[in-house]
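Presented below is the structure to which this report refers.
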Amino acid sequence: MKGTIVAAALTWLVSSAMAQTKAALPPPGGSIPGPQGNPMSARRDGPAGPVPKMDDGKPDLSGLWFSPRTVDPGKPAMLPWAAALTKERTENHSKGDPESMCLPAGVPRMNPFPWKIVQTPSVLVMLFEGNIHSYRQVFFNREHPKDLDPTWYGDSIGKWDGDTLVIDSIGFNDKFWFDFAGHPHTEQLHVIERFRRRDYGNLDMDITIEDPGAYTEPWKIKRTAPLMVKGEIQEYICNENNQDVEHIVGK
């Protein structure tokens, strides 16, 4: 019985993903500019056009998106221990970065690879090509559970503020780094992400990092990602033939 339920759930998710992806494709016969061909060399804005809508009228964020580009990295105001640790990690050429060991990148860090959003009325799923081929789930219509066990991606709840999706995430472990510089955090981490599909082909993200255990004030970051109108996320198994570790320098 359990296997039947799991199989049915997977069938529903795949069917939903196909339907949502179809809705995010460019209109037939249209000449669509934007990131095409080799996604790693594409840095242009995505195609213009109207924002796709869900049946309930909310913006549909579904689609294949290119790696986010940081528009404003913000200025983290760190507690002394966090500043000292960041300095140590940076001077040590980021040796020990969990991401280089094929561990999850955490939130809000993303690898420089394509990623996909699949949106349904009850859950939004982010599928990441890079690192460990991992995913995040953002749940609608519920609150954070009590007594969360700390995890790499935490627990994420999504609510709409007009046409902006606000993602509230807590319940993180303290293992991942925010970036290659090595900015740390504690289990007090609270991340608020605001996702707005500016038009058909561009997704803007305003991120606020709150962690009184490591930072003296909220750290605000702005990013944007263009829609990829060609290609698909590929299987990426970091643990397979990982050659990074032996080339990492530092103490």
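If you want the working numbering, it's the 1-based position in the sequence shown plus 5.
Cβ coordinates follow ideal geometry from the N, Cα and C atoms, glycine included.
Same chain, Cβ closer than 7 Å to residue 58, neighbours up to 5 away in sequence not counted
64 and 65
Which first and last residues belong to the beta strand (DSSP E) in which residue 141 is found?
140-144
According to DSSP, simplified to helix, strand and coil, what is residue 243?
coil
Selected residue, minimal CA-CA separation from residue 244, among 106, 68, 78 and 70
106
What separation, rounded to the nearest whole angstrom, lies between the Cα atoms of residue 232 and residue 68?
7 Å
Three-state class that DSSP yields for residue 150 in the structure shown
coil
Please list the terminal residues of the continuous beta strand (DSSP E) segment that includes residue 182.
Here residue 182 belongs to no beta strand (DSSP E), and DSSP marks it neither H nor E.
How many whole angstroms separate the CB atoms of residue 138 and residue 222, which I take to be in contact at a CB cut-off of 8 Å?
Incorrect: roughly 35 Å between the Cβ atoms, too far for contact.
Which word fits residue 237, buried or exposed, when buried means at least 16 other C-beta atoms lie within 10 angstroms of its C-beta?
exposed
Nearest neighbour of residue 111, chosen from 229, 189 and 208 [CA to CA]
189
Which partner residues does residue 82 have in the DSSP bridge list?
Partner(s): none; residue 82 has no beta bridge.
Spatial neighbours of residue 155 within its chain, please: C-beta separation below 7 Å, excluding the five flanking residues on both sides.
176, 177, 178 and 192
Quick one: Cα of residue 210 to Cα of residue 83, how far?
23 Å
In angstroms, rounded to a whole number, what distance separates the CA positions of residue 235 and residue 70?
10 Å
Give me the Cα-Cα distance between residue 136 and residue 103, rounded to the nearest whole angstrom.
10 Å
Under a Cβ-count criterion, where at least 16 other Cβ atoms within 10 Å of its own Cβ denotes burial, should residue 153 be classed as buried or exposed?
exposed
Nonlocal neighbours in the same chain, by C-beta distance under 6 Å from residue 225, ignoring five residues either side
79 and 213
Would you decide whether residue 146 is buried or exposed? Buried here means 16 or more other CB atoms lie within 10 Å of its CB.
exposed
Would you mind sorting residue 73 into buried or exposed? The rule is 16 or more other CB atoms within 10 Å of its CB.
buried
Of the residues 76, 246 and 100, which one's Cα is nearest the Cα of residue 185?
100
Where residue 49 falls, given that 16 or more other Cβ within 10 Å makes a residue buried
exposed
Residue range of the beta strand (DSSP E) that includes residue 204:
195-204
Which of helix, strand or coil DSSP assigns to residue 100:
coil
Identify, in the order they occur along the chain, each residue of the same chain with its Cβ nearer than 6 Å to the Cβ of residue 182, setting aside the five sequence neighbours on each side.
102
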